[in-house]
Amino acid sequence: MKILVFNAGSSSLKIGVFDMARQDSRIFKAAFENFRSGEATFHFRSGGETGTEEQRQEPVATLAEAIARVPEILAEFGFQEIEAIGHRIAHGGGNFADPALIDDALLQSIKNCTPLAPLHNPANLLAVESARSVWPGLPQIAVFDTAFHHSIPDYAYTYAVPKEWREKGLRRYGFHGTSHKYVALRAAQEIKRDVSQLKIISCHLGNGASICAISGGISVDTSMGMTPIEGLVMGTRSGDIDPGAFAFIARETGLDAAAIEQKLYHDSGLRALGGSADYRDIETKAAAGDADAQLAIQVYAYRVRKYIGAYAAAMGGIDILAFTGGIGENAADMRRRICERLDFLGLYLHEDKNAAVQLKGFEAPQVQAADSRVRIIVTQTCEQLMIAEEVQSLLSAQPAIQDSALRRIPVAVSARHVHLSQQDVEHLFGAGYTLTKERALNQPDGWAAAETVEVMGPKGSFSKVRVLGPVRARTQIEISKTDSFTLGVDAPLRHSGDLEGTPKILLRGPAGEVRTGGLIVAARHIHMSPQDARAMRLADGDLVTVSIGDRARSLSFAHTLIRVKEGSFTEMHIDTDEGNAAGIGSGAEGAVKKAADTSTAQIQAIASRKISSQVQETKEKVA
175 MKILVFNAGS SSLKIGVFDM ARQDSRIFKA AFENFRSGEA TFHFRSGGET GTEEQRQEPV
235 ATLAEAIARV PEILAEFGFQ EIEAIGHRIA HGGGNFADPA LIDDALLQSI KNCTPLAPLH
295 NPANLLAVES ARSVWPGLPQ IAVFDTAFHH SIPDYAYTYA VPKEWREKGL RRYGFHGTSH
355 KYVALRAAQE IKRDVSQLKI ISCHLGNGAS ICAISGGISV DTSMGMTPIE GLVMGTRSGD
415 IDPGAFAFIA RETGLDAAAI EQKLYHDSGL RALGGSADYR DIETKAAAGD ADAQLAIQVY
475 AYRVRKYIGA YAAAMGGIDI LAFTGGIGEN AADMRRRICE RLDFLGLYLH EDKNAAVQLK
535 GFEAPQVQAA DSRVRIIVTQ TCEQLMIAEE VQSLLSAQPA IQDSALRRIP VAVSARHVHL
595 SQQDVEHLFG AGYTLTKERA LNQPDGWAAA ETVEVMGPKG SFSKVRVLGP VRARTQIEIS
655 KTDSFTLGVD APLRHSGDLE GTPKILLRGP AGEVRTGGLI VAARHIHMSP QDARAMRLAD
715 GDLVTVSIGD RARSLSFAHT LIRVKEGSFT EMHIDTDEGN AAGIGSGAEG AVKKAADTST
775 AQIQAIASRK ISSQVQETKE KVA
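Here's what the structure looks like:
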């Protein structure tokens, strides 16, 4: 499949053509930048990642004119045979957790998000509308910068502001999602680990900058907020600032809200602190003794380091710290400054390896010291490649999901329950005790025991909580979010078996009691037989979106984990809070809408088919 990717910014246009059948898939790369005096600088490279980068001036004065030139540019280089188009869309609001096929209704939804991203969505829409007019018969896919962050829990994305404001959409959305997703996949592939087993902090540091905490392959927090201005210091954007400052500025300067917003987006950040939005200029000035430039570097590094510490705490640890973006990839001194004083995390930078980084392709060098518990990885971000992958994934997944008779699956609501280790069985019920099987469950390897226990927290307790068999290697207690407030314990949202760092809880049985870890709010999941998985083109570890409930109260549940096992009965499991939210009871069904993209299968596809082969091809050509 040949895919054209548009990334239209407020002041630049980037395009890429990808031949997904090739190992070196990006066969054409181009960008229009520096619009001034009726023309723009046109950078282009043909012939794959190792092709020669060239540039020339193009007689285009505006972004709209640059977009209109794209068909001629493609014809000039012989890339007219396009089969699909992917568009980077900055803001999808709260509606889009996945890429989506663009039609008139979707286009209107994107327009409705414009107040949330007034500087970005209009440019994105301009590219979409132009491409639809030039290629009306081609499928066009919107890939949202905000989509990857839809997994962020409500307590992380909610602002403490009046409810009527929140109902209008005021919340944290996050951006650079495509970049952070790629970096997580690439970092996991580099150390030969499944991303679902890792805690990663991704630092996208460029003219726009953000940090993302990625636990188990999904975003759990990110520094940008409702708009791309919150968080880190950026080239021209302020990052975090006291909201009370806006009223102060208005009173003291007479500027209105629009003028203040303009200043915060275009005249703040490194430009305001050090006199230039280009970090290379800031470094040069700082080395020459410019105090303002020196302060800019210190502020920038401090803000990044502060977020790293916060996100390590939020995730309960860190396995990988990854750097990407123009500054993250190229500024060794900034990486060193950021990593200073993070030794309390077991993070130590190797000075020589850090200084030697020279990225030419898809490399991901590790620059940590030998005794560092945390891997430190530097890699180029590949947002266009990820957009092309998302387009292909959606177009290939849609027919299988839509046409399959298995698209609707049964949904079971799981009440609170306990899985016990044999050791804890004996603590609670007596030495040598064996659980009594009372009734079978739908899943053939599980059953409900006759025994119950009392689950006791510091604030409240639950009696007669059912024990499920058979015994496990470790005790696991599964409750709902509401249950955790009753108990007075902050239970994390986890997949079954992921019990590291979980809080301890007291269990009481007829023969004794035991204080044990393993208390979780179980993440929603689907047990699936291999036969059904093949029919729906799904694999173990995939994440899907499922629509559940009647029309009046239906809800879409994203990031639902697929668990494929021989003999399993295909069935989705949600907890009582989720069941109540969707207004469902027994006999409910859910519609699997589409395969999501952060999955074991996609990791393997990108790592094996794309990244590894392209790194090897680059090395061969360089050699």
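Numbering (our numbering), first residue to last: 175 to 797. All C-beta atoms in this analysis are idealised placements derived from N, C-alpha and C, irrespective of residue type, glycine included. Small disclaimer: the values here were computed from a predicted structure and weren't measured.
Can you list, in chain order, the residues of its chain whose CB lies under 6 Å from that of Arg613, leaving out five sequence neighbours each side?
In the sequence shown, counting from the first residue as 1, residue 613 sits at position 439. The answer, listed in chain order, is Ala622.
If we call anything under 8 Å between Cβ atoms a contact, is Ala301 one with Ala274?
As a position in the sequence shown, residue 301 is number 127, starting the count at 1. As a position in the sequence shown, residue 274 is number 100, starting the count at 1. It is not a contact, given that the beta carbons lie outside the stated cut-off.
Could you spell out where the beta strand (DSSP E) holding Cys513 opens and where it closes?
As a first step, residue 513 is located in the sequence shown; it is residue number 339 there, counting from the start. No beta strand (DSSP E) contains Cys513, which is instead part of the alpha helix (DSSP H) from 506 to 513.
Name the two residues that bound the continuous alpha helix (DSSP H) containing Gln436.
Against the sequence shown, residue 436 aligns to sequence position 262. From DSSP, the alpha helix (DSSP H) with Gln436 extends over 431 to 440.
Assumed close pair Ala586, Met408 - CB separation to whole angstroms, cut-off 8 Å
Your numbering for residue 586 matches position 412 in the sequence shown. Your numbering for residue 408 matches position 234 in the sequence shown. No, Ala586 and Met408 are not in contact; Cβ-Cβ is about 46 Å, not under 8 Å.
Quick test of the definition: if touching needs 3 or more C-beta pairs under 8 Å, does the stretch 509 to 522 touch the stretch 396 to 414?
Contact annotation: the stretch 509 to 522 does not touch the stretch 396 to 414, with fewer than three C-beta pairs closer than 8 Å.
Only counting runs of 4 or more residues, tell me where the alpha helix (DSSP H) segments fall wholly within the stretch 705 to 749, in order along the chain.
If only complete runs of 4 or more residues are kept, the stretch 705 to 749 shows no alpha helix (DSSP H) anywhere.
Measuring straight from C-alpha to C-alpha, what distance separates Glu791 and Asp198?
One-based indexing of the sequence shown puts residue 791 at position 617. One-based indexing of the sequence shown puts residue 198 at position 24. Annotation note: pLDDT 44 at Glu791 (below 50); position unreliable, coordinate value reported separately. So the two alpha carbons sit approximately 8 Å from each other.
Using the rule of at least 16 other Cβ atoms within 10 Å of the residue's Cβ for burial, across every protein chain shown, is Leu178 buried or exposed?
Numbered from its first residue, the sequence shown carries residue 178 at position 4. Looking at its Cβ environment, which holds 16 or more other Cβ atoms inside 10 Å, Leu178 is buried.
Measure the beta-carbon distance from Gln380 to Gly499 and round it to whole angstroms, keeping in mind my assumption that it falls under 8 Å.
As a first step, residue 380 is located in the sequence shown; it is residue number 206 there, counting from the start. As a first step, residue 499 is located in the sequence shown; it is residue number 325 there, counting from the start. Note that residue 380 corresponds to Gly in the displayed sequence, not to Gln. Yes, they are in contact, since the Cβ atoms of Gly380 and Gly499 sit about 3 Å apart, within 8 Å.
Give the DSSP-derived three-state secondary structure of Arg547 in the structure shown.
Counted from its first residue, the sequence shown places residue 547 at position 373. Coil.
When the Cα atoms are used, what is the spatial distance from Phe216 to Tyr485?
Mapped onto the sequence shown, residue 216 falls at position 42. Mapped onto the sequence shown, residue 485 falls at position 311. In a straight line, the C-alpha of Phe216 is about 39 Å away from that of Tyr485.
DSSP beta-bridge partners of Phe659:
The residue given as residue 659 occupies position 485 in the sequence shown. Partner(s): none; Phe659 has no beta bridge.
Any idea which residues DSSP pairs His701 with across the strands?
In the sequence shown, counting from the first residue as 1, residue 701 sits at position 527. BP columns for His701 point to Arg737, Glu745.
C-beta atoms of His699 and His669 nearer than 8 Å:
Translated into positions along the sequence shown, residue 699 becomes position 525. Translated into positions along the sequence shown, residue 669 becomes position 495. Yes, the pair counts as a contact, with Cβ atoms nearer than the cut-off.
With distances taken between CB atoms, is the gap from Gly138 to Pro677 smaller than 8 Å?
Only positions 175 to 797 of the chain appear in the structure, and residue 138 is not among them; the question remains open.
Give the range of the beta strand (DSSP E) segment to which Gly260 is assigned.
As a first step, residue 260 must be located in the sequence shown, where it is residue number 86. Note, Gly260: beta strand (DSSP E), 258 to 263.
Distance check for Ala451 and Leu444, CA to CA, integer angstroms please.
Position 270 of the sequence shown, counted from the start, is the residue given in the question as residue 444. Position 277 of the sequence shown, counted from the start, is the residue given in the question as residue 451. One C-alpha to the other measures close to 5 Å.
Would DSSP call Ala285 helix, strand or coil?
The count along the sequence shown starts at 1 and reaches residue 285 at position 111. This sequence places Lys at residue 285; Ala is not what is there. Reduced to three states, the DSSP call for Lys285 is helix.
If I measure Cβ to Cβ from Ala697 and keep anything under 7 Å in the same chain, skipping five residues before and after, which residues do I get?
What you label residue 697 is simply residue 523 of the sequence shown in a count that begins at 1. If we look at Ala697 and ignore the five residues flanking it on each side, its Cβ neighbours are Leu667, Arg668, His669, Leu735.
Where the beta strand (DSSP E) containing Asn208 begins and where it ends:
On the sequence shown, position 34 is the one that residue 208 refers to. Run containing Asn208: 200 to 210, per the beta strand (DSSP E) assignment.
Whole-Å CB distance - Gly221 paired with Ala235, under 8 Å assumed
For the purposes of this step, residue 221 is identified with residue 47 of the sequence shown, where counting begins at 1. For the purposes of this step, residue 235 is identified with residue 61 of the sequence shown, where counting begins at 1. Going by Cβ atoms, the distance from Gly221 to Ala235 rounds to 29 Å, so no, they are not a contact pair.
Let me know the secondary structure DSSP gives Asp277 once reduced to three states.
Here residue 277 is taken as the residue at index 103 of the sequence shown, counted from 1. Reduced to three states, the DSSP call for Asp277 is coil.
Asn381 by DSSP, collapsed to three states: which one?
By one-based count along the sequence shown, residue 381 stands at place 207. Coil.
N- and C-terminal bounds of the alpha helix (DSSP H) containing Met489
For this step, residue 489 is matched to residue 315 along the sequence shown. Counting along the chain, the alpha helix (DSSP H) containing Met489 begins and ends at 465 to 489.
Which class does Thr224 belong to by DSSP, given the choice of helix, strand or coil?
Mapped onto the sequence shown, residue 224 falls at position 50. In this structure, DSSP gives Thr224 a state outside helix and strand, which the three-state scheme calls coil.
Here's the rule: buried if 16 or more other CB atoms are within 10 angstroms of the residue's CB, otherwise exposed. What is Arg708?
Residue mapping note: residue 708 aligns to position 534 of the sequence shown, counting from 1. Taking a 10 Å sphere around the C-beta of Arg708, we find fewer than 16 other C-beta atoms and assign the residue as exposed.
DSSP-derived helix/strand/coil call for Thr352:
Here residue 352 refers to the residue found at position 178 when the sequence shown is read from its first residue. Residue state, collapsed to three classes: helix.
How many angstroms separate the CA atom of Ile575 from the CA atom of Ala361?
Translated into the one-based positions of the sequence shown, residue 575 becomes position 401. Translated into the one-based positions of the sequence shown, residue 361 becomes position 187. For Ile575, the predicted structure reports a pLDDT of 47, less than 50, and the residue's modelled location is therefore unreliable. The matter cannot be settled from this model.
Taking 8 Å as the cut-off, does the stretch 339 to 353 touch the stretch 317 to 326 (at least 3 CB pairs, one atom from each stretch)?
Cβ pair count under 8 Å is three or more, so yes.
List the endpoints of the continuous alpha helix (DSSP H) containing His601.
The residue labelled residue 601 in the question sits at position 427 within the sequence shown. Counting along the chain, the alpha helix (DSSP H) containing His601 begins and ends at 596 to 603.
Could you give the uninterrupted runs of the beta strand (DSSP E) lying entirely in the stretch 283 to 322, keeping only those of 3 residues or more?
Qualifying beta strand (DSSP E) stretches, in chain order: 314 to 318.
What do you reckon, are the CB atoms on Gly418 and Gly405 nearer than 8 Å?
Counting from 1 along the sequence shown, the entry for residue 418 is found at position 244. Counting from 1 along the sequence shown, the entry for residue 405 is found at position 231. Here Gly418 is not near Gly405, since their CB atoms are 8 Å or more apart.
Cβ shell of Ala488 (< 8 Å), same chain only, five flanking positions each side left out
In the sequence shown, residue 488 corresponds to position 314, counting from 1. Result list for Ala488: Ala330, Ala387, Val394, Asp395, in chain order.
Do the CB positions of Ser595 and Arg648 come within less than 8 Å of each other?
Numbered from its first residue, the sequence shown carries residue 595 at position 421. Numbered from its first residue, the sequence shown carries residue 648 at position 474. Yes.
Please list the terminal residues of the continuous beta strand (DSSP E) segment that includes Ile494.
In the sequence shown, the residue the question calls residue 494 occupies position 320. Start and end: 494 to 498.
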